[in-house]
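Asks: My structure is below; once you've seen it, I'll send some questions.
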Amino acid sequence: MRRLPLVVEQGLASIRLAKTRLAHTLSQRVGIENITCHRGCTHCCHYPVTVSLWEGISLYRALQREGLWRAQLKANLEHHAGLTFGTAPEVWLMAGIACPLLDGALCSVYASRPFRCRSTVSTRDPDLCRPVHFGRETFEDVARESMEFDGLERRASRASRDHVRGLDEHVPLSVAVLIGYQLVEEQIELDEIALTLLRMLNRSS
């Protein structure tokens, strides 16, 4: 598993730390005792989740580290990418497409899950989190934390601009993980990201 250029590795580390810090800040602001999310509830695992390529690299490495990266998982990710890449969020939502990293009723990479997943919290009846009930009132307002996290990703991308452009591009989670896999396993180079995404999008069309 190769190491990427130092400035990219530094960006990955800073984003990983920020993800943990901002999720903690959010839970403190909302009040952990008020959050109704519970183990085994998977409603939000059927939402149209897009993440940056920064997070895709981290997720792939987590899957490798935990011994979860297998041919079947890769096939599941490719199938999910084909269903979701270029699909309108509302269509994706109502289709109820499950996250490819969902293992039964549990997240297989819970400790390393994306910030989008960490910041999706509800203090209401969990049944209201079902995709058919989805609305602005469903979840706590996390705009402040989300804006800070997105800003950090953009700054990390600017810092690494001599090596790669587009790591802060948001795509379906499956696409991000597959790009992370190709980068880390040296199947593509950093300057081939945009072309690889275009090819994947064309295959999904």
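Offset between the sequence shown (1-based) and my numbering: plus 1300.
Don't be surprised by glycine CBs; every beta carbon is placed ideally from N, CA and C.
1) Assuming the contact rule is C-beta atoms closer than 8 Å, residue 1467 and residue 1474 should be a hit. Round their C-beta distance to whole Å, please.
2) According to DSSP, is residue 1414 part of a helix, a strand, or is it coil?
3) Quick test of your reading: residue 1470 and residue 1327, contact by CB under 8 Å. State the CB separation rounded to the nearest angstrom.
4) Within a Cβ cutoff of 8 Å, which residues of the same chain sit near residue 1325, ignoring the five residues on either side of it in sequence?
5) At what residue ranges does the stretch 1345-1374 contain a whole run of the beta strand (DSSP E), taking only runs of 3 or more?
6) Alpha carbon to alpha carbon, how far is residue 1361 from residue 1344?
7) Do you know offhand how far residue 1422's Cα is from residue 1429's?
8) Pick from 1346, 1329 and 1450: whose alpha carbon is nearest that of residue 1394?
9) From this set, 1303, 1305 and 1315, which residue's C-alpha is nearest residue 1455's C-alpha?
10) By how many angstroms is the C-alpha of residue 1354 removed from the C-alpha of residue 1420?
11) What are the residues that DSSP puts in a beta bridge with residue 1497?
12) In terms of residue numbering, what span does the alpha helix (DSSP H) encompassing residue 1433 cover?
13) Write down the C-beta distance between residue 1389 and residue 1348 rounded to the nearest angstrom, noting that I regard them as a contact closer than 8 Å.
14) Between 1330, 1320 and 1319, which has its C-alpha nearest residue 1424's C-alpha?
15) Which partner residues of residue 1471 appear in the DSSP bridge assignment?
16) Does the Cβ-Cβ distance between residue 1357 and residue 1312 come in under 8 Å?
17) On the CB-based measure, 16 or more other CB atoms within 10 Å of its CB, does residue 1499 come out buried or exposed?
18) Measure how close the beta-carbons of residue 1478 and residue 1381 come, nearest whole angstrom, since I'm counting them as under 8 Å.
Replies: Result, derived from the coordinates:
1) In fact, because the Cβ distance is near 17 Å, the residues do not count as touching under 8 Å.
2) coil
3) With a Cβ gap of about 23 Å, residue 1470 and residue 1327 do not count as contacting.
4) 1445
5) 1350-1352
6) 23 Å
7) 8 Å
8) 1346
9) Nearest C-alpha to residue 1455: 1315.
10) When rounded, the distance between both Cα atoms is 19 Å.
11) Residue pairing by DSSP places residue 1497 in no beta bridge whatsoever.
12) Where residue 1433 is concerned, there is no enclosing alpha helix (DSSP H), given that its DSSP letter is neither H nor E.
13) 4 Å
14) 1330
15) 1351
16) yes
17) exposed
18) 6 Å
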